[in-house]
Amino acid sequence: MATASACHILVKTKQEAEQLKSKLDDGADFHQLAKKFSTCPSGKKGGDLGEFRKGDMVAPFDKAVFTGPLLKIQGPIKTKFGFHLIKVLYRS
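Residue numbers (full-length UniProt numbering): 1 to 92.
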């Protein structure tokens, strides 16, 4: 079964996600922004979700992780939890 590791930043609005993505595009540190702004408990770890299997996450998140580019910020991705910025660290 396919596995991956990713970090994410979860926020409530698309606008907030877009503002954070702009900061990331300008060179801001992903982990620092996750610690400061993410509403997910993983924010305390810089957004690190660790390793997980395909199908473990909600469908839109899962699709982004298992089909999107590695090490590039994806998003905003909308799920029932809010809007995610996702950085896939590896897939196997």
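Cβ coordinates follow ideal geometry from the N, Cα and C atoms, glycine included.
Keep in mind that this is a model prediction, so the values were computed, not measured.
query, result
"Cβ neighbour criterion (16 or more within 10 Å) applied to M57", "buried"
"Complete runs of the alpha helix (DSSP H) confined to the region 28 to 52 [at least 4 residues]", "30 to 37"
"Separation of Y90 from F61, as counted between CA atoms", "15 angstroms"
"Spatial distance of L33 from L20 (CA atoms)", "8 angstroms"
"N-terminal and C-terminal residue of the alpha helix (DSSP H) that K21 is part of", "14 to 25"
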